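Using UniProt numbering, the final residue of the sequence shown is 327, and nothing's skipped along the way. The beta-carbon is built from N, C-alpha and C at its ideal position, and this holds for glycine as well. Here the structure is a predicted model, which means the values were calculated and not measured. Structure first, then comments.
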Amino acid sequence: MTPRPSTFSIVARDPEQDAVGVAVQSKFVSVGSVVPFVSADAGAIATQSFANVAYGPDGLDLLREGHSAEEVVAELTDADGEAPSRQVGVVGADGSIAAFTGDECFDVAGDIQGEHYTVQGNILENEATLEAMAEAFETTDGGLPERLLAALHAGNDAGGDKRGEQSAAMYIAKPEGGYDGGNDRWVDVRVDDHDHPIDELERVFKLYDITLLEREAPEETRSLSGETAESVLETLADLGFYDGTPSGEFDDEAVAALESFRGMNNFENHSLSVLEDAIARGWDDVDGAEAAKQDSSANGDGEAGEFDGEARLIEAIWQGLSRLDRK
Numbered sequence: 001m002t003p004r005p006s007t008f009s010i011v012a013r014d015p016e017q018d019a020v021g022v023a024v025q026s027k028f029v030s031v032g033s034v035v036p037f038v039s040a041d042a043g044a045i046a047t048q049s050f051a052n053v054a055y056g057p058d059g060l061d062l063l064r065e066g067h068s069a070e071e072v073v074a075e076l077t078d079a080d081g082e083a084p085s086r087q088v089g090v091v092g093a094d095g096s097i098a099a100f101t102g103d104e105c106f107d108v109a110g111d112i113q114g115e116h117y118t119v120q121g122n123i124l125e126n127e128a129t130l131e132a133m134a135e136a137f138e139t140t141d142g143g144l145p146e147r148l149l150a151a152l153h154a155g156n157d158a159g160g161d162k163r164g165e166q167s168a169a170m171y172i173a174k175p176e177g178g179y180d181g182g183n184d185r186w187v188d189v190r191v192d193d194h195d196h197p198i199d200e201l202e203r204v205f206k207l208y209d210i211t212l213l214e215r216e217a218p219e220e221t222r223s224l225s226g227e228t229a230e231s232v233l234e235t236l237a238d239l240g241f242y243d244g245t246p247s248g249e250f251d252d253e254a255v256a257a258l259e260s261f262r263g264m265n266n267f268e269n270h271s272l273s274v275l276e277d278a279i280a281r282g283w284d285d286v287d288g289a290e291a292a293k294q295d296s297s298a299n300g301d302g303e304a305g306e307f308d309g310e311a312r313l314i315e316a317i318w319q320g321l322s323r324l325d326r327k
C-alpha cells in the first residue's frame, strides 16, 4: 500500500508582502518533498492524504491561467478517480481560497477557511487541531513566517497528527524574494526527520531569517554595555572569538570578536552596528523564549528550554531584529 503523508497544513497569503506559502507537519519522513507547492505568480497548494503530487504543478498552472482556487480544486478532483482519498488546500495569488477533503480520508479529517488562509488535516487527534491552527494564524502578530509557524505549533499543541511527529516544512514565495533576487523562493526550510520537527523548523528558520532575509534599517542603534556586554563577551570568549577579560565595556577588541562571529556564521546580511544593536535589544528577551520552551517541554510538546553559547547569541539577534520589518 502506498504510504499516506497524513498531516496537518496551512496554506496562506500575505497581501502586504505579496507572498504566498505553505507550512506543514506530519508523521511522515520528508513531508516537505511531497506536500507544498508554491509560486509567487500563481499561489500556494498543499496536497496530502494519499497525496497526488501532480495537484501541485497542475494546480499552479491553472492558477496562472486565471482560474480561481475553487475552480482549481474542482478541476483537479473531478479528473482524479482517487479523489475521495485526497486532501488539498489552495490559495491563489489573487486571494481566492478553497480546499477539498475526500470522503475516504481517514478520521479525523477536515478543513477550515478564513481570510487569506486554509487549514487542513487528516488522521488528526481531534477537530480542535484545525480550530487552533486557524485561531493562531488569525491572532499572531508578525509576518507570514511567524504566523505559519504559530499555526503549526498551535495545531500540534491541540492534538496534531494522531500518529505523532516526524517532519515539517515551510515554503513561502514572493516576487524576487529568493537569494540575491534571482527567484521567488523567499523562505524554504524543512526538517525531514526529527523528534520535535516544528521546534527544529523554527530554529532553522531563525538562522535562515538572519542569514538570508533583509530587514528595514533601524532609525537608531544601541551599543552593548554594562552587564549585557559582559555576558555577551563571556559567550564570545567561550566560543573562542574573544581573548580578553569580559567587562561592561564593549571596546574595539570586543567589536572585532563580534565581527569574527558574524563572518563565521555568514551574518553579513546585517551591518556590524545593526548586529550589535540586535543583541543589545534581544539579549534579555532570550529568557522569555527559554521560559516558553520550558513550558512546552513540561507539557511534553517540546525540547528542553535552554539556550547556551552560540544558540543564545543567535536567538538574541533574531529577537532584536524582529522589531524591524522585512523587505
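Asked                                                                                                                                                                                             : Found
Could you check whether the stretch 314-325 touches the stretch 275-282, counting it as contact only if at least three pairs of C-beta atoms, one from each stretch, sit closer than 8 angstroms? : yes
Verify the CB distance criterion: does Phe205 have a CB-CB separation below 7 angstroms to chain C?                                                                                               : This model lacks chain C altogether, as it is built from one protein chain only.
State the beta-bridge partners of Val11 as determined by DSSP.                                                                                                                                    : Val22 and Thr118
For the putative contact between Val119 and Ala151, defined by C-beta atoms under 8 angstroms, what is the C-beta separation to the nearest angstrom?                                             : 7 angstroms
Enumerated in chain order, which unbroken segments of the alpha helix (DSSP H) with a length of 4 residues or greater are wholly contained in the stretch 97-170?                                 : 128-139 and 144-158
Whose C-beta lies closer than 6 angstroms to the C-beta of Ser85 among residues of the same chain, with five residues either side of it excluded?                                                 : Phe50, Gly102 and Glu104
Over the uninterrupted beta strand (DSSP E) stretch that includes Gly89, give me the two end residues.                                                                                            : Gln87 to Gly92
Using alpha carbons as the reference points, say which of Met133, Val108, Asp94 and His67 lies closest to Ala40.                                                                                  : Asp94
Return the CA-CA distance between Ala164 and His153, expressed in angstroms with no decimal places.                                                                                               : This sequence places Gly at residue 164; Ala is not what is there. Distance between the alpha carbons of Gly164 and His153 is about 13 angstroms.
Counting along the chain, where does the alpha helix (DSSP H) carrying Pro197 start and finish?                                                                                                   : Pro197 to Leu212
What does Ser273 pair with, by DSSP beta-bridge criteria?                                                                                                                                         : In DSSP, Ser273 forms no bridge with anything.
Output needed for Thr139: all residues of its chain with C-beta closer than 6 angstroms, excluding positions within five of it in sequence on either side, in chain order.                        : none
Indicate the three-state DSSP secondary structure (helix, strand or coil) for Gly43 in the structure shown.                                                                                       : strand
Is the distance from the Cβ of Asp193 to the Cβ of Val24 below 7 angstroms?                                                                                                                       : no
Measuring CA to CA, which of Gly248, Arg215 and Ala74 is closest to Glu268?                                                                                                                       : Arg215
Does Ser225 come out as helix, strand or coil in the three-state DSSP assignment?                                                                                                                 : strand
What do you reckon, are the CB atoms on Tyr55 and Val34 nearer than 7 angstroms?                                                                                                                  : no
Return the chain-ordered list of same chain residues with a C-beta closer than 6 angstroms to the C-beta of residue 338, the five sequence neighbours on each side being excluded.                : With the chain running from 1 to 327 in the structure shown, residue 338 is simply not present.
Less than 6 angstroms between C-beta atoms, sequence neighbours within five positions excluded: which residues of the same chain meet that for Glu16?                                             : none
Grouping DSSP H, G and I as helix and E and B as strand, with all else coil, what is Arg190?                                                                                                      : strand
Check each candidate in Glu249, Thr7, Glu131 and Phe241 and name the one with the smallest Cα separation from Phe106.                                                                             : Thr7
Do you know whose CA, among Glu306, Gly263, Glu146 and Gly81, lies nearest Phe241's CA?                                                                                                           : Gly263
Do the CB positions of Ser225 and Gly248 come within less than 7 angstroms of each other?                                                                                                         : yes
Whose C-beta lies closer than 6 angstroms to the C-beta of Arg190 among residues of the same chain, with five residues either side of it excluded?                                                : Gly32 and Ala169
Give me the Cα-Cα distance between Asp141 and Ala74, rounded to the nearest whole angstrom.                                                                                                       : 33 angstroms
Please report the straight-line C-alpha distance between Glu115 and Glu220, rounded to a whole angstrom.                                                                                          : 35 angstroms
Look at the alpha carbon of Leu207 and the alpha carbon of Phe137, and state the distance between them as a whole number of angstroms.                                                            : 22 angstroms
Give me the Cα-Cα distance between Val232 and Leu239, rounded to the nearest whole angstrom.                                                                                                      : 11 angstroms
If you count every other CB in all the chains shown that lies within 10 Å of the CB of Glu176, and 16 or more means buried, which is it?                                                          : exposed
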